[in-house]
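Student: Under UniProt numbering, think of the first position of the sequence shown as 1, with each following residue one higher. Virtual Cβ for every residue (Gly too), placed ideally from N, Cα, C. Below are the structure tokens for one structure; questions will follow.
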Amino acid sequence: MAIPHETELVILSVAISLIGALTAAILMSNLDRLRGGERRARLLMAGLVLGGAIWTTHFVGLLALESPVNLGHNPELLALSALVAFTGTTAALLLVGIRSDGAATRLPLAATLLGFTLVLTNYSGLAAVAGRELRLSWFLTVIGVAISIQAAIVALWLLLRIRLRGIVLTSAGAVALGIVLSSTHYMAVASTMRLDETLAVLPRAVEQTSDQSLAWTATIALYVVCSVCLCVFVLSQFRSEQK
């Protein structure tokens, strides 16, 4: 059975993915001109932004699940999903971008790492809501894992290829990247079995914070992170042009 979602939060989750993808693409532009610590710092910022976008997209996507009252969340599993998203994404970007030479040969390993990062982020987040009642369709789960790895290949390839392509291709690539990344969350949700029935019998959250408030809080937090990283990027560009 199709699981109903709140349309506004679904749109917000996709927008988050687009913002994170565009910011990461900008941060990785002209990366080939950088060396040493500045190159690593740029990759770390891109990992922070893209990992944050992956997790926030997933979190808002979870909040988009329609329920008569707020669902409870396992804080440990939510924290684990965030940790996986940040560390896995950053490690994948460092692996493929730390040196220009041999990047193509490291792409499959980095894509596999990022793909499983997407998988673990999505399913640990779902487990934070459904707990031990989470049941998966193994057929759809395998397809979801394959799609996540393919999404990771597309993501890293786009980030590598659009670095020197100008604003139009950078924006187009970021849009494609954002849509691909957000689709992995909804594929993970689709692979669950009887999730609507599971959510109907789960204990409810006792706090009064609405799903919309949580979603917008997470979105604003990511927007602030993206803004700070872009400010650092602009300042570094200005400084390099003054040399």
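1) Give the range of the alpha helix (DSSP H) segment to which GLU241 is assigned.
2) With a threshold of 7 Å on Cβ separation, who are the neighbours of ILE149 within its own chain once the five nearest residues in sequence on each side are excluded?
3) Who are the near neighbours of ILE54 in its chain, counting only those whose CB is closer than 8 Å to its CB and skipping five residues on each side?
4) Look at the Cβ atom of GLY125, then the Cβ atom of MET187, and state whether they are nearer than 8 Å.
5) Do you know how far the Cα of ALA152 is from the Cα of LEU158?
6) Going along the chain, which residues of its own chain have a beta-carbon closer than 7 Å to the beta-carbon of ALA218, five neighbours each way excluded?
7) Hey, quick one: how far does the alpha helix (DSSP H) through GLU8 stretch, first residue to last?
8) Relative to the C-alpha of THR87, which residue among LEU65, ALA172, LEU44, ARG106 is closest?
9) State yes or no: is the C-beta of CYS229 within less than 8 Å of the C-beta of LEU83?
10) So what's LEU181 in DSSP terms, helix, strand or just coil?
11) Smallest Cα separation from SER81: which of ALA128, LEU94, ALA103?
12) With GLY102 as the anchor, note down where its alpha helix (DSSP H) starts and where it stops.
13) In the structure shown, what three-state DSSP assignment does LEU134 receive?
14) For LEU136 versus THR170, is the C-beta spacing smaller than 8 Å?
Tutor: From the atom records:
1) Run containing GLU241: 211 to 242, per the alpha helix (DSSP H) assignment.
2) If you ignore the 5 residues before and after ILE149, its C-beta comes within less than 7 Å of the C-beta of ALA111, THR112, GLY115, all in its own chain and listed in chain order.
3) Annotation for ILE54: SER17, GLY20, ALA85, THR89, THR117, LEU118, THR121, LEU181 place their beta carbon closer than 8 Å to its own, counting only its chain and skipping 5 residues before and after.
4) No, Cβ-Cβ distance for GLY125 and MET187 is not below 8 Å.
5) One C-alpha to the other measures close to 10 Å.
6) Non-local beta-carbon contacts of ALA218 in its own chain, meaning distances under 7 Å to residues more than five positions away in sequence, involve THR56, PHE59, VAL60 in chain order.
7) Start and end: 7 to 27.
8) Of the listed residues, the one whose Cα sits closest to THR87 is LEU44.
9) Contact flag unset, no.
10) Helix, per DSSP.
11) Considering only alpha carbons, the answer is ALA128.
12) No alpha helix (DSSP H) contains GLY102, which DSSP labels as neither H nor E.
13) Looking at LEU134 - three-state DSSP - the assignment turns out to be coil, as it is neither helix nor strand.
14) Result no, Cβ atoms of LEU136 and THR170 do not sit closer than 8 Å.
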